[in-house]
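Student:
Numbering (my numbering), first residue to last: 114 to 451.
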């Protein structure tokens, strides 16, 4: 499924990687939705599916050029480049906006998901009783996940590896937020905050030629956790892509129906009007991460009061979110027509 791409196509693919990386960082938002709406979901899945035993043999035999073409390296490379850039730029900006303008950020994402549901449903032709049944199954699954109670933090390396496999699901399964799943598993702060901060601190220390961190048992443990989590994520990305590739080839219509339902059911996770719930210790104190910030447990949702300007501004951002997705969809369709 490799495609010939112009320079502008390559630039936009990096930008899509930026958007996908930023979406994966936010609890409740799925990077897979970005891939689905932006029109490269199937190519993404089939490219990941090429990371198999044959690719491993090409790597071992030193046939790097053949490996690059076999796994659709240009596509994956540009997409991953965008995600990496996002991790050190857009994700940081997103963190800032969530801290200072949380309601409006959630409202924008809520609008984007509504736009995604409309866009994908519009492209889905010939609804049948069977496809409606599969869609409703997706809706029920999405709603059920949003009401699950979070578990407690667990840094056992086998469990961290499993978290990696499950957490990467947001990239391959539209509507399923990997970061929200990590909240439910109790390891969101450990894996996406503490271990990442430990990596940043370590890189900073190395640049300053300060290697005293090797005697810091907590830092070393967090770096171990990050490595195991990354390996689990890689394993999950490859295994899920093979499963989804198989399903898409044989049950494409049913798969798309489930995805539409799942995205719809996930709207409750990104409902803009909610308050953070923080974890408490057995002594009744707030649990803190390694930088002294309170550990997020879940969200309490509430219905907005429409007599405040803040609510109407949030509604405006929902509309903006809808039009962003529809605009991206229009741009993709125009490019396909050309």
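All residues carry an ideal CB built from backbone N, CA and C; glycine is no exception.
Where DSSP assigns a beta bridge to residue 413, which residues make up the other side?
Tutor: As a position in the chain shown, residue 413 is number 300, starting the count at 1. Residue 413 is bridged to 388.
Student: My assumption, with CB atoms under 8 Å, is that residue 244 sits in contact with residue 366. Please give the rounded CB distance.
Tutor: Taking the first residue of the chain shown as position 1, residue 244 is located at position 131. Taking the first residue of the chain shown as position 1, residue 366 is located at position 253. Yes, residue 244 and residue 366 are in contact; Cβ-Cβ is about 6 Å, under 8 Å.
Student: Could you check how far apart the C-beta atoms of residue 143 and residue 286 are, in whole angstroms? I think they sit under 8 Å.
Tutor: Counting from one through the chain shown, the residue named residue 143 turns up at place 30. Counting from one through the chain shown, the residue named residue 286 turns up at place 173. With 8 Å as the limit, residue 143 and residue 286 qualify as a contact, their Cβ atoms being about 7 Å apart.
Student: Go ahead and label residue 331 buried or exposed: buried means 16 or more other beta carbons lie within 10 angstroms of its beta carbon, across all protein chains shown.
Tutor: One-based indexing of the chain shown puts residue 331 at position 218. Looking at its Cβ environment, which holds fewer than 16 other Cβ atoms inside 10 Å, residue 331 is exposed.
Student: Does residue 241 come out as helix, strand or coil in the three-state DSSP assignment?
Tutor: By one-based count along the chain shown, residue 241 stands at place 128. Coil, per DSSP.
Student: Specify, as a first and last residue, the run of the alpha helix (DSSP H) that residue 366 falls within.
Tutor: Position 253 of the chain shown, counted from the start, is the residue given in the question as residue 366. Element bounds for residue 366: 365-378.
Student: How is residue 269 classed by DSSP in three states: helix, strand or coil?
Tutor: Taking the chain shown and counting its residues from 1, one reaches residue 269 at position 156. If DSSP states are grouped into helix, strand and coil, residue 269 belongs with coil.
Student: Are the beta-carbon atoms belonging to residue 325 and residue 305 less than 8 Å from one another?
Tutor: Here residue 325 is taken as the residue at index 212 of the chain shown, counted from 1. Here residue 305 is taken as the residue at index 192 of the chain shown, counted from 1. No, these two residues do not count as a Cβ contact at 8 Å.
Student: With H, G and I counted as helix, E and B as strand and the rest as coil, what does DSSP make of residue 119?
Tutor: Here residue 119 refers to the residue found at position 6 of the chain shown. Coil, per DSSP.
Student: Tell me the DSSP secondary structure of residue 176 in three-state form.
Tutor: Translated into positions along the chain shown, residue 176 becomes position 63. If DSSP states are grouped into helix, strand and coil, residue 176 belongs with coil.
Student: Hey, could you find the ends of the alpha helix (DSSP H) residue 315 is sitting in?
Tutor: The residue you call residue 315 lines up with position 202 of the chain shown. Run containing residue 315: 308-320, per the alpha helix (DSSP H) assignment.
Student: Are there 16 or more other CB atoms within 10 angstroms of the CB of residue 322, so buried, or fewer, so exposed?
Tutor: Stepping through the chain shown from its first residue, residue 322 is reached at position 209. Its Cβ having fewer than 16 others within 10 Å, residue 322 is exposed.
Student: Please report the residue range of the alpha helix (DSSP H) in which residue 295 lies.
Tutor: Stepping through the chain shown from its first residue, residue 295 is reached at position 182. Residue 295 -> alpha helix (DSSP H) spans 291-297.
Student: For residue 135 and residue 190, I'd like the C-alpha separation in whole angstroms.
Tutor: Numbered from its first residue, the chain shown carries residue 135 at position 22. Numbered from its first residue, the chain shown carries residue 190 at position 77. Going by the C-alpha atoms only, they are around 17 Å apart.
Student: Let's test the definition: count the other Cβ atoms within 10 Å of the Cβ of residue 235 and tell me whether it reaches 16, buried, or not, exposed.
Tutor: Taking the chain shown and counting its residues from 1, one reaches residue 235 at position 122. So residue 235 counts as exposed.
Student: Which residue wins for smallest C-alpha separation from residue 231, given the options 256, 202, 266, 376?
Tutor: The sequence position of residue 231 within the chain shown is 118, counting from 1. When only C-alpha atoms are compared, the closest one is 376.
Student: Whose C-alpha, out of 167, 260, 148, is nearest the C-alpha of residue 158?
Tutor: Working through the chain shown from its first residue, we reach residue 158 at position 45. The residue with the shortest Cα to Cα distance from residue 158 is 148.
Student: Decide if residue 430 is buried, meaning its Cβ has at least 16 other Cβ atoms within 10 Å, or exposed.
Tutor: Stepping through the chain shown from its first residue, residue 430 is reached at position 317. Buried: at least 16 other Cβ atoms inside 10 Å.
Student: Once the 5 residues before and after residue 294 are set aside, which same chain residues still bring their CB inside 8 Å of it?
Tutor: Within the chain shown, numbered from 1, the residue matching residue 294 stands at position 181. Around residue 294: 258, 279, 280, 282, 283.
Student: With H, G and I counted as helix, E and B as strand and the rest as coil, what does DSSP make of residue 257?
Tutor: The residue labelled residue 257 in the question sits at position 144 within the chain shown. In the structure shown, residue 257 sits in a helix (DSSP, three-state: H, G or I).
Student: Under a three-way DSSP split, which group does residue 323 fall into?
Tutor: Taking the first residue of the chain shown as 1, we reach residue 323 at position 210. Coil.
Student: Would residue 443 and residue 414 qualify as a contact pair, given that the criterion is a beta-carbon distance under 8 Å?
Tutor: Residue 443 sits at position 330 when you count from the first residue of the chain shown. Residue 414 sits at position 301 when you count from the first residue of the chain shown. Cβ distance not < 8 Å, so residue 443 and residue 414 don't count as in contact.
Student: Would you report the Cα separation of residue 302 and residue 184, rounded to the nearest angstrom?
Tutor: Here residue 302 refers to the residue found at position 189 of the chain shown. Here residue 184 refers to the residue found at position 71 of the chain shown. Going from the Cα of residue 302 to the Cα of residue 184 covers about 33 Å.
Student: Between the Cα of residue 165 and those of 438, 253, 358, spot the shortest distance and give me the residue it belongs to.
Tutor: If you number the chain shown from 1, residue 165 lands on position 52. That would be 358, whose Cα lies nearest to the Cα of residue 165.
Student: Taking the straight line between their C-alpha atoms, what separation do you get for residue 423 and residue 129?
Tutor: Reading the chain shown from its first residue, position 310 is the one you call residue 423. Reading the chain shown from its first residue, position 16 is the one you call residue 129. If you take the alpha carbons of residue 423 and residue 129, they lie about 30 Å apart.
Student: Is residue 434 near residue 168, with beta carbons less than 8 Å apart?
Tutor: Walking along the chain shown from the start, residue 434 turns up at place 321. Walking along the chain shown from the start, residue 168 turns up at place 55. Result no, Cβ atoms of residue 434 and residue 168 do not sit closer than 8 Å.
Student: My understanding is that residue 437 touches residue 225, with C-beta atoms under 8 Å, so please give their C-beta distance in whole angstroms.
Tutor: Along the chain shown, one-based indexing puts residue 437 at 324. Along the chain shown, one-based indexing puts residue 225 at 112. With 8 Å as the limit, residue 437 and residue 225 qualify as a contact, their Cβ atoms being about 6 Å apart.
Student: Compare the C-alpha of residue 223 against each of 384, 418, 440 and name the closest.
Tutor: In the chain shown, counting from the first residue as 1, residue 223 sits at position 110. Closest by alpha carbon: 384.
Student: Within the continuous alpha helix (DSSP H) that includes residue 286, where are the two ends?
Tutor: To locate residue 286, count along the chain shown from 1; it is residue 173. Taken as a continuous stretch (DSSP letters only), residue 286 belongs to no alpha helix (DSSP H), as it is neither H nor E.
Student: Alpha carbons only, please: which of 338, 346, 345, 214 is nearest the one belonging to residue 427?
Tutor: Within the chain shown, the letter at position 314 stands for residue 427. Residue 427 has its Cα closest to that of 214, out of 338, 346, 345, 214.
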